[in-house]
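UniProt numbering applies: residue 1 is where the sequence shown begins, and numbers increase by one.
Don't be surprised by glycine CBs; every beta carbon is placed ideally from N, CA and C.
Quick notes on the structure that follows.
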Amino acid sequence: MRKVKVFSATVGESFGKTTENFGDNLMADILQDLLSVEPVYVAPARAELIGVGSIIDAYYRYSRKKYAFWRKRPWRTLHVWGSGFMDSGTPALWPQRLVFDAVRGELSKARVAPNRDIALGDPAILLPLIWPKKTTATSEVVVIPHFVTYQTFLERYGTSLPRHWRVLNLLGDPQKICEAISASELVISSSLHGLIVADAYGVPSIWMEPHGKIKGDGFKFADYFSFRGAPLPGPVDFDSLLTTGGVAGNAPAVPSAETTDRVLRSFPFR
């Protein structure tokens, strides 16, 4: 199995030593199970690949905007495969030479490759190729708080949810999370990847207001919606969903086979 040096947003070289966030975990499963590539997680300046996540601007953000000319490494190449930006005003600035094979959405493309025909789509849209949609659906409504606000959400609503509503902790096994989403009748999520995976599995969704501060200025959501083809209303206040009674989700935007195939074929390490 080929080894590729990968940077992951929140864990870096410590990947596997602690419980990771769902979105950061996904690259390991996609690379190993779908592409027969073994990820070796490294610091940003050593990476050959970034994929799932709002991390095109990660080096700039993590280095506290201190970027020295002497730190450039143009002899190294960093492939960007399906990543997006976290913020609307941060640059794609890395020591390595950047090669954009695919980006998350039209808004990211406009910033880095406006005149190139590159693949669009977050690699998370490929998850049904690894873990097919559950054939036995449930009547569950799956609620997905952003992982940094999970405990706050649980303390506030954990004992007052309707009987068939289930809260998912994104600091868990990615396969089990995908299985719960794919078998549900509705996803309510403040996590972007909760919404992306719901679309991938054809499950209606609602974009929920986070219960606490999360990173970014909302660009990552707008970027994904530009790929999706239709924005999701919101974010919606969760209390209003509880008082509404019957909650109707927004129709899923399932990526076409052509779209998923193009993202798959754009993977740079074959």
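Distance cut-off 8 Å: residue i Cβ against heavy atoms of the ligand SAH
i, result
"E140", "As for the ligand SAH, it is missing from this structure, which has no ligand bound."
Between the CA atoms of residue j and residue i - distance to the nearest angstrom
i, j, result
"L107", "T260", "19 Å"
"N115", "G105", "14 Å"
"E38", "L31", "7 Å"
"P204", "P74", "44 Å"
"H211", "P252", "24 Å"
"P128", "G202", "10 Å"
"K134", "K72", "47 Å"
"E258", "L264", "10 Å"
"R156", "L195", "22 Å"
"T90", "L98", "15 Å"
"Y41", "V143", "30 Å"
"T152", "V254", "31 Å"
"K3", "D237", "44 Å"
Start and end residues, alpha helix (DSSP H) containing residue i
i, result
"W175", "First, the residue type needs correcting, since residue 175 is Gln and not Trp in the sequence shown. Element bounds for Q175: 174–182."
"T77", "Careful: T77 lies outside any alpha helix (DSSP H), inside the beta strand (DSSP E) at 73–83."
"residue 287", "Any property of residue 287 remains undetermined from this structure, which presents the chain solely from 1 to 270."
Residue span of the beta strand (DSSP E) that contains residue i, given as start and end
i, result
"F100", "96–103"
"Y41", "37–41"
"residue 271", "The chain is shown from 1 up to 270; residue 271 falls before or after that span and cannot be answered."
"V236", "Unbroken run through V236: none, as it is neither H nor E."
Chain D contact for residue i (CB, 9 Å cutoff)
i, result
"E106", "The displayed structure is made up of one protein chain only, and chain D is not part of it."
Integer-rounded CB distance, given that residue j should sit under 8 Å from residue i
i, j, result
"S54", "M86", "4 Å"
"G82", "G121", "6 Å"
"V52", "A124", "6 Å"
Neighbourhood of residue i by C-beta distance below 6 Å, restricted to the same chain and skipping five residues each side
i, result
"W94", "Y59, L78"
"L186", "V141, P204, G249"
"T137", "One detail in the question is off: residue 137 reads as Ala in this sequence, not Thr. So the list reads A183, once near-sequence residues are dropped."
Nonlocal neighbours in the same chain, by C-beta distance under 8 Å from residue i, ignoring five residues either side
i, result
"I118", "F100, D101, A102, V103, K109, S266"
"L241", "I188, I206, M208, V247"
"D199", "I125, S205, R228, P252, A253, V254, P255"
Sequence-distant residues of its chain with Cβ nearer than 7 Å to residue i (five each side left out)
i, result
"R46", "K5"
Cβ neighbour criterion (16 or more within 10 Å) applied to residue i
i, result
"G229", "exposed"
"P233", "exposed"
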